[in-house]
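> The opening residue of the sequence shown carries number 1134 in this note's numbering; numbering runs sequentially from there.
Attaching a single structure in structure tokens format; questions to follow.
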Amino acid sequence: MSKLGGEWTALSLVLLTAAVVSLIDLVPPTDYGAPTLRAALDSAISVCVFASTWLLRARFVYSRRLRDIVLLGTLLLLGAISLLVGAIPAALNHGVGGEVPVVAVWGELFVAAGFVAAASAPGDRLLVGGRPVVIVATVSVIALLASQVGGMLLGSHFAAARPHTASGSSGAGQHPVELMIGLATSGLFTWGAVGFALRDRIERDGSGKWFAAAGMLLAAASFSRLGLPFERAQPVASDEIVRLFASVLLLAAAIHLELGARQGVARAAALAERRRVAHDLHDGLAQDLAFIAAHGARIAQELGQEHPVAIAARRALVAARYTIAELSQPASANAQEALEAVAYELSARFAMQIAVHAELDREMMPDAREQLARIAREAITNAARHGSARNVVVTLARTERGVVLRVIDDGTGINNSRSRTASEGFGLRSMRERAGSLGGQLVVRQGSKRGTELEVVLP
1134 MSKLGGEWTA LSLVLLTAAV VSLIDLVPPT DYGAPTLRAA LDSAISVCVF
1184 ASTWLLRARF VYSRRLRDIV LLGTLLLLGA ISLLVGAIPA ALNHGVGGEV
1234 PVVAVWGELF VAAGFVAAAS APGDRLLVGG RPVVIVATVS VIALLASQVG
1284 GMLLGSHFAA ARPHTASGSS GAGQHPVELM IGLATSGLFT WGAVGFALRD
1334 RIERDGSGKW FAAAGMLLAA ASFSRLGLPF ERAQPVASDE IVRLFASVLL
1384 LAAAIHLELG ARQGVARAAA LAERRRVAHD LHDGLAQDLA FIAAHGARIA
1434 QELGQEHPVA IAARRALVAA RYTIAELSQP ASANAQEALE AVAYELSARF
1484 AMQIAVHAEL DREMMPDARE QLARIAREAI TNAARHGSAR NVVVTLARTE
1534 RGVVLRVIDD GTGINNSRSR TASEGFGLRS MRERAGSLGG QLVVRQGSKR
1584 GTELEVVLP
């Protein structure tokens, strides 16, 4: 059934793209007589895309997801192209033909490739440590420079290959390489749109459909420009308007992700506060009530079981225990929220970045969820205290082996001797016992580059 639904999603995107392209082709390129109109359009596109980039950067700091950082770099490149190749030359009344359009063609090809990479990136792949934002920004600058070099090398060749009219302007024909690049760009955007749509059916975070719609419009805009002359005297073509709508959809997707992240932080903060109150009740009021109830038994022996003091002591102790249990483990909390509450509390305590990603097809039993949350808490605490870690990622997923919890940090790591049971500390033994109580296994090993990786597998 899911495969059939995915095929219908892909088919609907293809049909909708074809419909949009058909409508665009019915609207000829138009010059509205305002020299600054195209500059305003490209500036609006740049503002929307750069705003989306900034929101994605804030989300990446919270999520540390590979997909978010790839998408961030893709949008950064798209915004730079719109600003440097579109808005600024149009504002300066610079010619639109020649090298500038070819730079845009090459740049959009790189953007489309990045869009596909973001749609195809694993949702549970998180990055630990390093400076991925700086790396992605550097890659985007390199792609922009490569587009400029491509425009300089091939722009004059393409212009010379186009037929010229009697007035000296280029005709409507395009070089075959330009057509191939345009088709490839449109195809990649469509591929990425389908990927985001299918991803949204699995993750259901609501952002996939926004990115899919934006990719579809970008594909339609790239396809509609095929066959149009590049040397135009400041026209506002229909594909420019479509790109503006696409940038608005990208901004809507970024806002949706940011709001979801803020709601997640708010839920984690509320759940962490509930746990703190439960801990205070357990260590304070509940202990006093237990003491009163113990002496209430003596009162009951002397004055009877139905004495008001004995009854009040028993009721108060039962109510306190129920409240502590409800605050510690609310029935409405899922695995993602339980782990995020732990991350929220410990990130504030140890001044570290903790990213959480849980992807389960069905929710876990409350006891298993609580035990895994406690294992994650102990692992993060060990990473901060003993490994001097600054970044930790926590993932929870259901695989062929079962439910797998991973806690990876960028600390100093562990020695091979410390992974042996004989030399384990109390914390590691406690985590191993918790995993064993659920029928699972716990493995601690050195990270691939540095730090420590803890893995718990539950059948």
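Quick reminder that beta carbons are idealized off the backbone N, C-alpha and C, glycines included.
#1: Leu1359 and Ala1270 look like a contact to me (Cβ under 8 Å); what is the Cβ gap, rounded to whole Å?
#2: Indicate the three-state DSSP secondary structure (helix, strand or coil) for Asp1338 in the structure shown.
#3: Starting from the C-beta of Leu1505, find all residues in its chain whose C-beta is less than 6 Å away, skip the five residues before and the five after it, and write them out in chain order.
#4: Have a look at Ile1541 and Thr1585 and give me their C-alpha separation to the nearest angstrom.
#5: Apart from the five residues on each side of it in sequence, which residues of its chain come closer than 6 Å, Cβ to Cβ, to Phe1183?
#6: If you reduce the DSSP assignment to three classes, tell me which class Gly1544 lands in.
#7: Can you tell me whether Thr1186 is buried or exposed? The criterion is at least 16 other CB atoms within 10 Å of its CB, across all chains shown.
#8: Where Leu1259 and Leu1286 are concerned, what is the direct C-alpha to C-alpha distance, given to the nearest angstrom?
#9: Take the Cβ of Gly1325 as the centre, count every other Cβ of all protein chains shown within 10 Å, and call the residue buried at 16 or more, exposed below.
#10: Using only the alpha-carbon positions, how far apart do Leu1217 and Asp1500 sit?
#11: Kindly indicate which three-state DSSP category Leu1260 falls into: helix, strand or coil?
#12: Suppose you measure from the CA of Arg1125 to the CA of Gln1396; what does that come to, to the nearest Å?
#13: In its own chain, which residues sit with a C-beta less than 8 Å from the C-beta of Gly1546, not counting the 5 before and 5 after it?
#14: Which residue from Pro1265, Leu1277, Thr1323, Ala1387 puts its Cα closest to that of Val1249?
#15: What does DSSP give as the partner residues of Ile1487 in its beta bridges?
#16: How is Thr1169 classed by DSSP in three states: helix, strand or coil?
#17: Considering only C-alpha positions, which residue in the set Glu1478, Asp1333, Leu1529, Glu1566 is nearest to Arg1502?
#18: Tell me where the alpha helix (DSSP H) around Leu1575 begins and ends.
#19: Return helix, strand or coil for Arg1507, following the three-state DSSP convention.
#20: So, at 7 Å on beta carbons, what are the nonlocal neighbours of Leu1242 in its own chain, with the 5 sequence-adjacent residues on each side left out?
#21: Please identify the residue among Ile1335, Ser1380, Glu1373 whose C-alpha is closest to the C-alpha of Ala1346.
#22: Find out if the Cβ-Cβ distance for the pair Ala1509, Leu1472 is shorter than 8 Å.
#23: Let me see if you follow: with CB-CB separation under 8 Å, is Arg1197 close to chain D or not?
#24: Pick out whichever of Asp1175, Val1194, Ser1179, Leu1188 has its Cα sitting closest to the Cα of Met1485.
#25: Under a three-way DSSP split, which group does Ala1516 fall into?
#26: Taking the continuous beta strand (DSSP E) assigned at Val1589, which residues delimit it?
#27: To which residues of the same chain is Ile1202 closer than 6 Å at the C-beta, ignoring the five residues directly before and after it?
#28: Determine the DSSP secondary structure at Glu1492, reduced to helix, strand or coil.
#29: Determine the DSSP secondary structure at Leu1538, reduced to helix, strand or coil.
#30: For a test of the three-state rule: what should DSSP assign to Arg1197, helix, strand or coil?
#31: Sort out for me which residues DSSP pairs Ala1270 with in a bridge.
#32: Where do the N-terminal and C-terminal ends of the alpha helix (DSSP H) with Ala1568 fall, by residue?
#33: Please classify Gly1573 as buried or exposed, where buried requires at least 16 other C-beta atoms within 10 Å of its C-beta.
#34: By the 10 Å Cβ neighbour count, where 16 or more other Cβ atoms means buried, how is Ile1487 classified, buried or exposed?
#35: Report, in whole angstroms, the separation of the C-beta atoms of Ala1245 and Leu1321, which I expect to be a contact under 8 Å.
#36: The alpha helix (DSSP H) that contains Pro1255, what's its start and end?
This is what the structure holds:
#1: In the sequence shown, residue 1359 corresponds to position 226, counting from 1. In the sequence shown, residue 1270 corresponds to position 137, counting from 1. That pair is no contact at about 31 Å.
#2: For the purposes of this step, residue 1338 is taken as residue 205 along the sequence shown, with counting starting at 1. It is coil, neither helix nor strand.
#3: Here residue 1505 is taken as the residue at index 372 of the sequence shown, counted from 1. The answer, listed in chain order, is Leu1538.
#4: Translated into the one-based positions of the sequence shown, residue 1541 becomes position 408. Translated into the one-based positions of the sequence shown, residue 1585 becomes position 452. Taken atom to atom, the span from the alpha-carbon of Ile1541 to that of Thr1585 is near 6 Å.
#5: Counting from one through the sequence shown, the residue named residue 1183 turns up at place 50. So the qualifying residues of the chain are Gly1212.
#6: Position 411 of the sequence shown, counted from the start, is the residue given in the question as residue 1544. Assignment of Gly1544 by DSSP, reduced to helix, strand and coil, places it in the coil class.
#7: Taking the first residue of the sequence shown as position 1, residue 1186 is located at position 53. Thr1186 comes out buried.
#8: Position 126 of the sequence shown, counted from the first residue, corresponds to residue 1259. Position 153 of the sequence shown, counted from the first residue, corresponds to residue 1286. Cα to Cα, the separation comes out at about 39 Å.
#9: Looking up residue 1325 in the sequence shown gives position 192. Taking all protein chains shown into account, Gly1325 has 16 or more neighbouring C-beta atoms within 10 Å of its C-beta and is therefore buried.
#10: As a first step, residue 1217 must be located in the sequence shown, where it is residue number 84. As a first step, residue 1500 must be located in the sequence shown, where it is residue number 367. C-alpha separation (whole angstroms): 56 Å.
#11: The residue you call residue 1260 lines up with position 127 of the sequence shown. Under the three-state reduction of DSSP output, Leu1260 falls in the coil class, being neither helix nor strand.
#12: Past the boundaries of the shown model lies residue 1125; the chain is included only from 1134 to 1592, so the question cannot be answered.
#13: Position 413 of the sequence shown, counted from the start, is the residue given in the question as residue 1546. Cβ neighbours of Gly1546 beyond the five flanking positions: Gly1520, Gln1579, Gly1580, Arg1583, Gly1584, Thr1585.
#14: Position 116 of the sequence shown, counting from 1, holds the residue named residue 1249. Check the Cα spacing between Val1249 and each of Pro1265, Leu1277, Thr1323, Ala1387: the tightest is with Thr1323.
#15: Your numbering for residue 1487 matches position 354 in the sequence shown. In DSSP, Ile1487 forms a bridge with Val1525.
#16: Locating residue 1169 in the sequence shown gives position 36, where the first residue counts as 1. Coil.
#17: Taking the first residue of the sequence shown as position 1, residue 1502 is located at position 369. Relative to Arg1502, the option among Glu1478, Asp1333, Leu1529, Glu1566 whose CA is nearest is Leu1529.
#18: Residue numbering aside, residue 1575 sits at position 442 when the sequence shown is read from its first letter. Per DSSP, Leu1575 lies in no alpha helix (DSSP H); the unbroken beta strand (DSSP E) holding it starts and ends at 1574-1579.
#19: Here residue 1507 is taken as the residue at index 374 of the sequence shown, counted from 1. Note: Arg1507 maps to helix in three-state DSSP.
#20: Numbered from 1 along the sequence shown, position 109 holds the residue referred to as residue 1242. For Leu1242, where only same-chain residues beyond five positions count, the Cβ hits under 7 Å are Ile1314, Ala1317, Thr1318.
#21: Residue 1346 sits at position 213 when you count from the first residue of the sequence shown. Comparing Cα-Cα distances from Ala1346 to each of Ile1335, Ser1380, Glu1373, the minimum goes to Ser1380.
#22: Translated into positions along the sequence shown, residue 1509 becomes position 376. Translated into positions along the sequence shown, residue 1472 becomes position 339. Their beta carbons are under 8 Å apart, which means Ala1509 touches Leu1472 by this criterion.
#23: Judged by its chain identifiers, the structure shown contains no chain D, having just a single protein chain.
#24: The residue given as residue 1485 occupies position 352 in the sequence shown. Comparing Cα positions, the closest option is Val1194.
#25: Reading the sequence shown from its first residue, position 383 is the one you call residue 1516. DSSP places Ala1516 within a helical segment (H, G or I) once states are collapsed to three.
#26: In the sequence shown, residue 1589 corresponds to position 456, counting from 1. Residues 1585-1591.
#27: As a working mapping, residue 1202 is identified with position 69 in the sequence shown. Same-chain partners within the cutoff: Phe1193, Pro1265, Val1269.
#28: On the sequence shown, residue 1492 is found 359 positions in, with the first residue counted as 1. DSSP places Glu1492 in strand when its eight states are reduced to three.
#29: Numbered from its first residue, the sequence shown carries residue 1538 at position 405. Per DSSP, reduced to three states, the secondary structure at Leu1538 is strand.
#30: In the sequence shown, residue 1197 corresponds to position 64, counting from 1. Coil.
#31: Here residue 1270 refers to the residue found at position 137 when the sequence shown is read from its first residue. As computed with DSSP, Ala1270 is found in no beta bridge at all.
#32: What you label residue 1568 is simply residue 435 of the sequence shown in a count that begins at 1. Residues 1559-1570.
#33: Taking the first residue of the sequence shown as 1, we reach residue 1573 at position 440. Residue environment for Gly1573: buried (at least 16 other C-beta atoms within 10 angstroms of its C-beta).
#34: Sequence index remark: in the sequence shown, residue 1487 carries index 354 (1-based). When all chains shown are included, Ile1487 counts as buried.
#35: Position 112 of the sequence shown holds residue 1245. Position 188 of the sequence shown holds residue 1321. Indeed, because the Cβ distance is near 4 Å, the residues count as touching under 8 Å.
#36: By 1-based counting over the sequence shown, the position of residue 1255 is 122. Note, Pro1255: premise wrong, no alpha helix (DSSP H); not H, not E.
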